[in-house]
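The block underneath contains the structure these notes are about, expressed in structure tokens.
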Amino acid sequence: MVTTFDSGFSDWDPSRLPDLSGKCYFVTGANSGTGFELSKILRAKNAHVLVGSRNEGRGRGAVSNIADVPGDGAVEFVKIDLASKASIAEAADAVRGLAVDGLDAIVNNAGIMQTPEQQTADGFEMQFGTNHLGHFYMNHLLFDLVSARSGRIVPVSSIAHKPPAKLHFDNVMMTGNYSSTGAYQQSKLANLVYGLELHRRLQAAGSSVASVSCHPGYSATNLQSTGPTGAWKAIYKVSNALLAQPAERGAQPLALSAAGIEAQSGGYYGPIGFGGARGKISDSDIAGDIAMDPEAGRKLWELSEELLGISWSIS
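Residues in the sequence shown are numbered from 5 upward in steps of one, following the numbering used here.
Structural data, given as structure tokens:
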């Protein structure tokens with residue numbers, strides 16, 4: 005296992021964040037879990053926060069609760085379903101109306117885990133389509149807003165990116181060989197491979213935008229209750245109570261990656277104790293050669309463009 009580099013700190017926490025007055029952040033999946041807790045952290049530092057959620061009722065409820073946190077800066081709702089290109093395009097238009105001067109970061113937080121085999125509105129395997137392709141498409145549509153503020157794109161991966169996680173380039177939709185766990189692992193590996201490939205492309209283009217990857221460790225959220233079924237759901241009910249850290253702790257690496265002055269493009273941050281499940285926040289281990297392989301990054305980028313029917317050239 006390796007880290008991308010040494011960022012020079014071993015125990016980061018949100019007290020180190022600067023005042024974020026005038027800055028704007030778009031957080032997907034912000035109606036609950038780590039996205040909700042991240043939004044509260046940003047609000048407390050006076051940021052303008054765009055709360056992305058596919059469920060309007062829950063999203064607007066989260067906006068109300070986040071706005072109760074003492075701080076300045078607007079808190080606004082954006083409806084987005086990352087399993088639908090049409091919804092993502094509508095959300096991008098909405099973001100343009102709310103963040104007219106640009107975005108300081110897009111946090112790719114939303115995700116689903118270990119769902120039964122199903123497809124997105126556009127025919128993609130649900131977990132890969134939502135967790136990776138949906139965010140790839142959204143970042144593509146909003147890249148100019150991030151560039152306008154020399155901001156950050158924050159792919160959120162997981163300790164699940166580690167072996168036996170694999171990118172099935174020959175059958176990325178896992179047709180005829182579906183595993184709910186394998187599909188989740190693939191999507192989280194894709195998040196990290198994408199984040200590091202985006203960094204390489206930004207550097208090559210001389211862009212002022214940063215790609216800062218992270219993971220929340222093992223945090224107790226709705227992920228473990230809304231996706232898994234059968235034995236897994238029962239297991240998570242016990243392990244969440246005994247082993248998981250609270251969502252507030254899981255949100256802290258995301259805050260570092262989105263707004264911390266210590267975070268660096270190409271970095272990968274998260275808890276470093278108990279195999280990455282919890283503990284102090286620092287440079288996190290990356291497991292497996294594929295995550296840092298430029299060829300894997302190129303293949304994933306080009307496959308993503310092909311599947312989505314777009315061309316995304318960083319300039």
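A virtual CB, placed ideally from N, CA and C, is assigned to each residue, including glycine. All values reported here derive from a predicted model rather than from experimental measurement.
Proximity of residue i and residue j at Cβ, strictly below 9 angstroms
i: SER288; j: HIS219; result: yes
i: GLY29; j: ILE110; result: It is Tyr, not Gly, that sits at residue 29 in the sequence shown. Their beta carbons are under 9 angstroms apart, which means TYR29 touches ILE110 by this criterion.
i: SER269; j: GLN207; result: yes
i: ALA263; j: LEU21; result: yes
i: PHE140; j: ALA187; result: no
i: LEU304; j: VAL197; result: yes
i: THR8; j: GLY180; result: no
i: ASP148; j: LYS89; result: no
i: VAL99; j: LEU311; result: no
i: SER25; j: GLU266; result: no
i: GLU80; j: VAL53; result: yes
i: ILE163; j: GLY56; result: no
Cα-Cα separation between residue i and residue j, rounded to whole angstroms
i: ASN244; j: GLY313; result: For ASN244, the pLDDT reaches just 48, beneath the cut-off of 50, and the residue's location in the model is therefore unreliable, although a value from the coordinates is still provided. Those two C-alpha atoms are separated by around 39 angstroms.
i: ALA103; j: LEU146; result: 10 angstroms
i: SER154; j: LEU107; result: 9 angstroms
i: VAL82; j: MET142; result: 13 angstroms
i: LYS170; j: SER14; result: 29 angstroms
i: SER183; j: GLU121; result: 8 angstroms
i: GLY292; j: MET178; result: 21 angstroms
i: ILE84; j: GLU41; result: 18 angstroms
i: ALA78; j: ASP174; result: 45 angstroms
i: PRO18; j: LYS44; result: 11 angstroms
Element boundaries [alpha helix (DSSP H), containing residue i]
i: PRO298; result: 298 to 312
i: TYR141; result: 139 to 152
i: LYS192; result: 184 to 209
i: VAL53; result: Where VAL53 is concerned, there is no enclosing alpha helix (DSSP H), although the beta strand (DSSP E) it sits in stretches over 52 to 57.
i: PHE40; result: 37 to 48
i: GLY254; result: 251 to 254
Residue i Cβ short of 8 angstroms to the ligand SAH heavy atom set
i: ASP174; result: This structure lacks the ligand SAH; in fact it carries no ligand of any kind.
Where the beta strand (DSSP E) containing residue i begins and where it ends
i: ASP97; result: Counting along the chain, ASP97 falls outside any beta strand (DSSP E), though it belongs to the alpha helix (DSSP H) covering 89 to 102.
i: GLU266; result: Premise fails: GLU266 is in no beta strand (DSSP E) and is neither H nor E.
i: ASN112; result: 109 to 112
i: LEU171; result: Element bounds for LEU171: n/a, residue is neither H nor E.
i: LYS83; result: 79 to 83
i: ARG156; result: 156 to 159
i: VAL31; result: 28 to 31
Residue i - partner residues in DSSP beta bridges
i: GLN123; result: GLU129
i: SER317; result: The partner list for SER317 (beta bridge, DSSP) is empty, contrary to what the question assumes.
i: ILE285; result: PRO275
i: ALA214; result: ARG156
Chain D within 9 angstroms of residue i, Cβ atoms only
i: CYS28; result: Included in the structure is just one protein chain, with no chain D present.
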